[in-house]
RNA sequence: GAGUCGCUAGCUCAGUCGGUAGAGCAACUGCCUUUUAAGCAGUGGGUCCGGAGUUCGAUUCUCCGGCGACUCACCA
């Protein structure tokens, strides 16, 4: 009968505001007049988009549609409103004389945000808007909290929901009132689906490897630690799936990919979220050249299919994804943008001196190539707006990549930069267990010297390589950053539905 | 972790050179049977992020704290 609303307990949890109180009182009124404000189901026959499709000039096709009330214009004994479902909006036209006094009173009592079902016929108003002439109305879920009162005309939003913190914390509200938010996450979904289709069609199989790992390998990053009670062991949330995927290549899965979350216990910024989505793929009997082809082919095709063009606008820059993408070596790019030529620098001391001379900060622990990496990050990265494969990384920065045959100080590796950001990292996979063990030992030395991002020794991974891994190419692509590019957002938070925020106090 | 900026009604924002605050939208009450950022008339709504200090008096000034945005650091 009545709502049995416990005002006392509500007051305990928070101060109740007038708007919420009014709406809860409406629920009581509905119940008194036999209306269930939260009925169990509603059978709709059409989405709003489908309903628009059945419009005929000289017919009155009947439809039942359902969705959220987004606007309401009551003009005495007739009213207009807009109902929104996932497919779009539909104007409603309600007339007292056509739906009866009781039903029309219910209509007038609706609040913006209420979820309703409507039966009626599709027609076109004098102003030319296809609408549903309401004959029956069902309340499906009362919205007791007021929505931000965003209005819209000709695609322009007025008083849009602008509080970023609220938009991230209450993403459900943001999704209701901000069309771009909905569109961007639909685009994200399409990109991910497109990648799965592309790779599957190419003969790849999708696999899932451990998120909880005893040895967090495959990348240079600080991990999250957790604990398993029954086994009484500490585990790490994975920083990359790489070493497990390559175990599968050893096992005979020749084309595998995984498209899922990685976790890195590091800072949060417009480009970093502690959990983020990564595509990693490995192909036996391929190499980093194969990966270049896949990257430029897949990403440019996604753009063409999903954006309708291989060139796009990102934060004021025109970016052309049409293949082939430029290739340039790590050392050449540093020379081009900083004037420093690391191919002729012989000592760490010299490297430190010239780097400092152009304003790049170094530390005592850095070796020559780490200093070069720092110069690259400082002086080169931001300038790489158009897609470019940066190739020929130094071996010291690449503990999992295969060395070049012609110069073992460098490896068969590339990173893709677009819009000044690293999008991808790929290489010909190191499959020599002796070399890999030596690289791990080098990492362990760095770790013992205090570098907590250096990698840990993984004997089982060496063991796997000792069974023989076919030569293979592998690549990782940061999905969140790729989505940023496609939907033109400045912050990674706008591509992650629920980005990590500090919990609200109290 | 550091710096800058922000936090005022449900939302978007004004404002107070220190005297407990306003607008638009949303809400409520009327009027209005093809409107669409509907319109007209009226009404209600605030711990001005929290705490301390200075002051006769703090939303405003100072300090401490909270959360966020941005930049940097960190980070591939």
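In my numbering, the protein residues as written are 8 to 513.
Idealized CB from N, CA, C, for every residue including glycine.
Proximal residues to residue i (C-beta, below 7 Å), its chain only, five neighbours per side dropped
i: residue 81; result: 115
i: residue 195; result: 490 and 502
i: residue 311; result: 317
i: residue 416; result: 401 and 402
i: residue 275; result: 281 and 507
i: residue 161; result: none
i: residue 602; result: Since the displayed the chain opens at 8 and closes at 513, residue 602 lies outside it and no answer follows.
i: residue 26; result: 153
Residue i classed as buried or exposed, judged by whether at least 16 other C-beta atoms fall within 10 angstroms
i: residue 414; result: exposed
i: residue 77; result: buried
i: residue 445; result: exposed
i: residue 60; result: exposed
i: residue 438; result: buried
i: residue 90; result: buried
i: residue 232; result: exposed
i: residue 500; result: buried
i: residue 364; result: exposed
i: residue 493; result: buried
i: residue 259; result: exposed
i: residue 111; result: buried
i: residue 173; result: exposed
i: residue 507; result: exposed
i: residue 163; result: exposed
i: residue 323; result: exposed
i: residue 92; result: buried
i: residue 283; result: buried
i: residue 511; result: exposed
i: residue 370; result: exposed
i: residue 389; result: exposed
i: residue 422; result: buried
i: residue 207; result: exposed
i: residue 457; result: exposed
i: residue 252; result: buried
i: residue 171; result: exposed
i: residue 165; result: exposed
Other residues of its chain near residue i: CB distance less than 6 Å, five sequence neighbours each side excluded
i: residue 405; result: 418 and 420
i: residue 298; result: 433, 480 and 482
i: residue 498; result: 277
i: residue 336; result: 398 and 399
i: residue 376; result: 401, 403 and 404
i: residue 167; result: 157
i: residue 305; result: 205
i: residue 447; result: 464
i: residue 381; result: 367
i: residue 15; result: A caution first: residue 15 carries a pLDDT of 41, below 50, which makes its placement in the model unreliable, though a value can still be read off. Closer than 6 Å at the Cβ level, and outside the excluded window around residue 15, lies no residue.
i: residue 126; result: 71, 142 and 143
Within 8 Å, strictly: CB atoms of residue i and residue j
i: residue 97; j: residue 71; result: no
i: residue 135; j: residue 73; result: no
i: residue 425; j: residue 309; result: no
i: residue 152; j: residue 471; result: no
i: residue 291; j: residue 440; result: no
i: residue 295; j: residue 410; result: no
i: residue 279; j: residue 273; result: yes
i: residue 257; j: residue 289; result: no
i: residue 219; j: residue 244; result: yes
i: residue 62; j: residue 122; result: no
i: residue 4; j: residue 428; result: Residue 4 lies beyond the range of the chain shown here (8 to 513); nothing can be said about it.
Residues near residue i in its chain [Cβ-Cβ closer than 8 Å; skip 5 each side]
i: residue 234; result: 240, 241 and 242
i: residue 224; result: 246, 247, 249, 250, 462, 463, 465 and 468
i: residue 154; result: 119, 120, 180, 183 and 184
i: residue 313; result: 194, 197, 198, 201 and 493
i: residue 211; result: 262, 263, 264, 288 and 290
i: residue 21; result: Confidence at residue 21 is low in this model, with a pLDDT of 47, below 50, so its placement is unreliable and no value can be given for it.
i: residue 215; result: 265 and 267
i: residue 307; result: 317, 328, 329 and 330
Would you be able to state if there are at least three C-beta pairs under 8 Å between the region 345-358 and the region 390-397? no
Whole runs of the beta strand (DSSP E) within the region 202-249, excluding any shorter than 3 residues: 232-235 and 240-244
Would you call the region 102-121 in contact with the region 136-146, where contact means no fewer than 3 C-beta pairs closer than 8 Å? yes
Evaluate contact between the region 201-214 and the region 263-272, counting only Cβ atoms and requiring at least three cross-stretch pairs below 8 Å. yes
Completely contained beta strand (DSSP E) runs for the region 285-323, where each covers 3 or more residues: 318-321
Quick check for students: name the residue ranges of the beta strand (DSSP E) that lie wholly in the region 407-481, counting only runs of 3 or more. 420-425 and 428-435
For the structure I just gave you, are there three or more beta carbon pairs, one from the region 327-335 and one from the region 376-395, closer than 8 Å? yes
Ranges of the beta strand (DSSP E) found wholly within the region 91-151, counting only runs of at least 3: 95-102, 122-131 and 137-148
Any alpha helix (DSSP H) of 4 or more consecutive residues that is wholly inside the region 322-386: 337-345, 355-364 and 375-382
Any alpha helix (DSSP H) of 4 or more consecutive residues that is wholly inside the region 164-189: 171-176 and 178-184
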